[in-house]
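Visitor: Residue numbers (the numbering used here): 567 to 735.
1) So, residue 671 versus residue 684, is the Cβ gap smaller than 7 Å?
2) Pairing CB atoms from the stretch 673-687 with CB atoms from the stretch 629-637, are three or more of them under 8 Å?
3) Does DSSP put residue 688 in a helix, a strand or coil?
4) Are residue 627 and residue 610 closer than 7 Å when you measure CB to CB?
5) Does DSSP put residue 724 in a helix, a strand or coil?
6) State yes or no: is the C-beta of residue 694 within less than 7 Å of the C-beta of residue 582?
7) Just checking my contact of residue 649 with residue 662 at CB under 8 Å: how many whole Å lie between their CB atoms?
8) For the beta strand (DSSP E) containing residue 595, name the first residue and the last one.
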């Protein structure tokens, strides 16, 4: 996800925090997963080796390990940035995690943008409205950068801009 060339100054990538939108926080998910793995390991290593269904303990431990990797992928940047908003002069991309699709908006397709404190609402030329939720942006400085970049794009591409926030981020 490195930015190179002359577009490096005109691109903006902001990392999102998926745990702010999760039903269970990252800490709770991590604790539950570690308890699951500990329980599965206890079952696996305390089992009688002559028991015929010992493979179920391996499957239980394997599923716990897979879920642990999933939780780490979705909520940390250990494996690189997985959740982000990218704003370039050609498009806007929002990605909410490894296993979720990217939402791409082409800049020439935008008719109007409404900026509110924690969201962007785009109206496309075909009448469709697209809502970009900014609640997961980690830092206020990043939130301000996104909004300023959208304001600059509105000026450059001449699409309508309404702003509830002005510059009070």
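From the three backbone atoms N, C-alpha and C, an ideal C-beta is built for every residue, glycine too.
Guide: Once the coordinates are examined:
1) no
2) Taking 8 Å as the limit for Cβ pairs, the verdict is that the stretch 629-637 does not touch the stretch 673-687.
3) In this structure, residue 688 counts as strand in the three-state DSSP scheme.
4) yes
5) coil
6) no
7) 5 Å
8) Counting along the chain, residue 595 sits inside no beta strand (DSSP E); it lies in the alpha helix (DSSP H) bounded by residues 592-612.
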